[in-house]
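The structure appears below as structure tokens.
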Amino acid sequence: LRVTGIDFLKSENCRLHHTDAYNINNLVVRRGKDFQLLLSLSRELKAADSLTLHFSIGETPTTVRGTLVSLDPKEEEDSNGWKISVVKNSGKECLLSVTSSPAAPVGKYTLNVKAGTSTYKPQNSAVYLLFNPWCEDDVVFLADEAQRKEYVLNDTGYIYVGSAYSIYGRPWNFGQFEEFVLDACMYLLDKSRLKLSSRREPMSVSRSMSALVNANDDNGVLLGNWSGNYNGGTSPSDWIGSVSILQEYYKTKRPVRYGQCWVFAGVLTTVMRCLGIPSRCVSNFNSAHDTEENLRVDIYLNEYGEKLNSLSVDSIWNFHVWNDVWMKRTDLPSGFDGWQAVDSTPQERSEGIFQCGPCPLKAIREGDVYLPFDSKFVYAEVNADKVYWLVKKVNGQNTYTKISTETRGVGMNLSTKAVGRNMRQDITMEYKYPEGSAEERKSMERASSFINSPRMMIRASYASVTPMAFTTEVLQDTVSKTGLQLDVTHTKPLYPGNPLEMAITVKTSTPGSWTINLSGSCQLQSYTGKVQASLGHIKETVKLEGESETQVPLKITPDAYMKTLDSVEDEGLIHITTIAEVQETNDKLTKEMTMNFEYPPITVQMPEKAKLNEEFRCAFIFKNKLNIAMENCKLLVEGLGMFKMSTFDQGDLKPGKIMKSEIICTPTKLGEKKIVAKLTSTQIKAISAEKDIIIT
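Residue numbers for the sequence shown follow my numbering, so the first one is 1113 and each next one is one higher.
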């Protein structure tokens, strides 16, 4: 008996395994579910014949390690939990059904078939085995079909950016099914130092991928760069998806330049969904980077309210994006299954390398920060308290006065794309109890008790420099005797090239005459909170009686900020800090507010429906409604399943002028597709637009 051919029955198997979208010639199946193979034989298979299928993975496959699986249709089950049976045996054809173990290592298996003394090695013999969220016995099982569609199969989405009071979604193409993306993920699995037995566990796989998506330590996918200078690479705000990044990495095997947090999170989502682990991007607004692990971020201000970056080791990012991945945590006590936070942005080392997570959301919410992995770091990102210090020079020495404490400003509006809808979903309650609730303070006290314990090895080296003893006491908000409140608003739209017109509202609510010293500053900063330029400040004394309020204007001319906006390659954010001090009571209060610039829109014109393999036109129209010329305009467009990423150089666009670009699309995939466009220029870093189309 000889085997003369194998039909992998790709179209039928892939449809049943939800893998038909992968752009690859090989068979891609999910573990724990049966698939069929049709063998062509030299003659009919008889009961006495010996026939064995060998699936092997890795360089030295062995049965003991579960990396060599030998399946004989005469035997019920292989020792590693795989099964085989004969479905139909007629003439020279034999239809077999194979079910892999729901705990098999994921990766690229080679198939050989042994019939009698001869071995048959098929062409395209690699079979890709993925995690299976549809299988109840797989630790990544997700019961809800709509969630599986979103978190495993959706290849487009949004990443939420901006600032806590002004959030917007950046369209992102995950593209987990595109050409070479699956191979890039397999290359990363091989490159990870994971034992093959560890590839059974989504916990180990997600942790090692959080390390490999950044280039630190291991020549991983993306090189992080927050310098504002992106020569020799792509500016992080120019990417519109993960596909070109992973394709370039797979081709060159060298880190792609450059990424920032949302790019790392976008790529990690692609890798996780591609391997079959349910995943979502999570944006945390006012995200604390607490490098001292004391759950406190110290913010130093001068007398105008300008932030002094040089004094702070801790920082608060306007937003930070990481990922949640879904799995059972078989390595932990019960109660910590479900969403786990993982972060591929290289911020802090964990076990010696730049990786973070998976950390159960339940552990973060309850304050169980002793649980692996990196729960203290993630807990601080969403729960740290802010302490403001006023820094004055006295006899050439800095003196520090504590102004106020804020316990509600960090970890706001945690956001992800809603399931099945192009909307933002707020998931703050999955990470923390309501601010100020009894449960929240209890969780904070619980977390503080673990963080204070000596076995947590608090790094107190910096503590000697800070103006206050190193403690993690649970702080309380500053309460004012006058009922003092501050608010910051803008009175006109914040268009680049226009004056920035803002107002600080000062309120008091208790009887009495109050004299208030007010200072306010306006700075341009990057999303990580790094000050790019100080634009202006005010100092005023206002008088208020009892329950009353007054508005103090703060106006910044275009000359004060346009030069900085032109010179940095990052998107600039407007940051206002105010300090108010009541002379009669010595009450002090601070308020910070970050605002985004506003931009004219891109219009995408195309039909609502199109036919498979039939051309249609798509036009991108943009009118520069600003008072300034936009220099070096570049339009980036991508449509998964329609056309590869394309770039149009548009030159300079004077005020009032219109640009129009057209692309001819030929859809190659059915269903709802999306076209994403992004416009960048010297003055404006990223205007995004998108439009859906149904391919029939």
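Cβ coordinates follow ideal geometry from the N, Cα and C atoms, glycine included. Predicted, not measured: the structure shown is a model, and the values here were computed from it.
CB-CB length for residue i against residue j, believed under 8 Å
i, j, result
"A1400", "A1276", "Not a contact, Cβ separation roughly 13 Å."
"L1677", "Y1639", "Their Cβ separation, rounded to whole angstroms, is 14 Å, which puts L1677 and Y1639 out of contact at 8 Å."
"V1600", "I1628", "About 15 Å separates the two Cβ atoms, so there is no contact after all."
"P1217", "G1178", "7 Å"
"S1456", "F1431", "The Cβ separation is near 16 Å, so there is no contact."
"I1476", "A1377", "Incorrect: roughly 17 Å between the Cβ atoms, too far for contact."
"I1775", "C1745", "Rounded, the Cβ-Cβ distance is 16 Å, inconsistent with contact."
"E1743", "Q1795", "7 Å"
"N1341", "E1681", "7 Å"
"S1800", "R1282", "6 Å"
Sequence-distant residues of the same chain with beta carbon closer than 7 Å to residue i, five excluded per side
i, result
"N1201", "L1157"
"C1386", "Q1288, V1293, L1294 and C1297"
"G1219", "I1169, L1241, M1298, L1301 and R1311"
"V1315", "Contrary to the premise, residue 1315 reads as Met rather than Val in this sequence. So the list reads M1439, R1441, D1443 and P1470, once near-sequence residues are dropped."
"E1784", "D1804 and I1806"
"G1641", "S1427, I1428, W1429 and N1430"
"S1356", "M1757"
"I1183", "Checking the displayed sequence, the identity of residue 1183 turns out to be Leu instead of Ile. So the qualifying residues of the chain are T1164, L1165, D1190, W1194, I1196 and V1210."
"S1462", "C1468, F1485 and D1486"
"S1621", "G1595 and E1659"
"D1199", "One point to set straight first is that residue 1199 is Val, not Asp, in the sequence displayed. For V1199, where only same-chain residues beyond five positions count, the Cβ hits under 7 Å are Q1148, L1207, L1208 and S1209."
DSSP beta-bridge partners of residue i
i, result
"K1514", "W1501"
"G1763", "C1745"
"M1614", "H1602 and L1666"
"S1213", "DSSP lists no partner for S1213."
"D1804", "K1786"
"T1653", "N1629"
"R1729", "I1776"
"M1201", "The sequence shown places Asn at residue 1201, not Met. According to DSSP, which records beta bridges pairwise, N1201 is partnered with C1206."
"H1687", "Q1635 and T1706"
"H1129", "Paired residue(s): none; H1129 is not in a bridge."
"R1369", "L1335"
"M1439", "G1450"
"L1324", "According to DSSP, which records beta bridges pairwise, L1324 is partnered with nothing at all."
"Q1717", "A1731"
"C1393", "N1435"
"C1471", "A1453"
"A1692", "L1630 and L1701"
"P1445", "In DSSP, P1445 forms no bridge with anything."
"A1722", "I1807"
Close beta carbons around residue i, own chain, < 6 Å, minus the five adjacent residues each side
i, result
"L1254", "P1245, R1260, P1390 and W1438"
"L1423", "Y1412"
"S1576", "Confidence at S1576 is low in this model, with a pLDDT of 28, below 50, so its placement is unreliable and the value that follows should be read with caution. Contacts found: none."
"K1604", "E1613"
"V1522", "N1398, A1400 and A1496"
"G1348", "The question names Gly, but residue 1348 is Pro in the sequence shown. Y1370, G1371, Q1372 and V1375, listed in sequence order."
Buried/exposed call for residue i, threshold 16 Cβ in 10 Å
i, result
"E1802", "buried"
"N1708", "buried"
"P1719", "exposed"
"R1366", "exposed"
"V1506", "exposed"
"R1305", "exposed"
"S1197", "exposed"
"Y1673", "buried"
"Q1467", "buried"
"T1174", "exposed"
"M1705", "buried"
"V1383", "buried"
"K1703", "buried"
"K1737", "exposed"
"I1770", "exposed"
"N1510", "exposed"
"A1692", "buried"
"D1764", "exposed"
"D1249", "exposed"
Own chain residues within Cβ distance below 8 Å of residue i, not counting five before or after
i, result
"S1123", "D1132"
"L1782", "L1724, I1807 and T1808"
"R1114", "L1153, S1154, A1227, G1228, S1230 and Y1232"
"R1127", "none"
"K1544", "I1476, R1477, V1494, N1495, G1523, E1552 and S1555"
Next on the checklist: For the structure I just gave you, are there three or more beta carbon pairs, one from the stretch 1212 to 1231 and one from the stretch 1157 to 1170, closer than 8 Å?
Outcome noted: With the cut-off at 8 Å, the stretch 1212 to 1231 and the stretch 1157 to 1170 touch.
Checklist entry - Is there contact here, the stretch 1647 to 1667 with the stretch 1628 to 1638, by at least three beta-carbon pairs under 8 Å? => result In the pairwise beta carbon analysis, the stretch 1647 to 1667 is classified as touching the stretch 1628 to 1638: at least three pairs are separated by under 8 Å.
Item to check | Validate contact between the stretch 1527 to 1544 and the stretch 1260 to 1275 using beta carbons, cut 8 Å, 3 pairs | outcome: The stretch 1527 to 1544, when compared against the stretch 1260 to 1275, does touch it at the 8 Å Cβ threshold.
Checklist entry - Contact between the stretch 1316 to 1335 and the stretch 1366 to 1373: three or more CB pairs below 8 Å? => result These segments touch.
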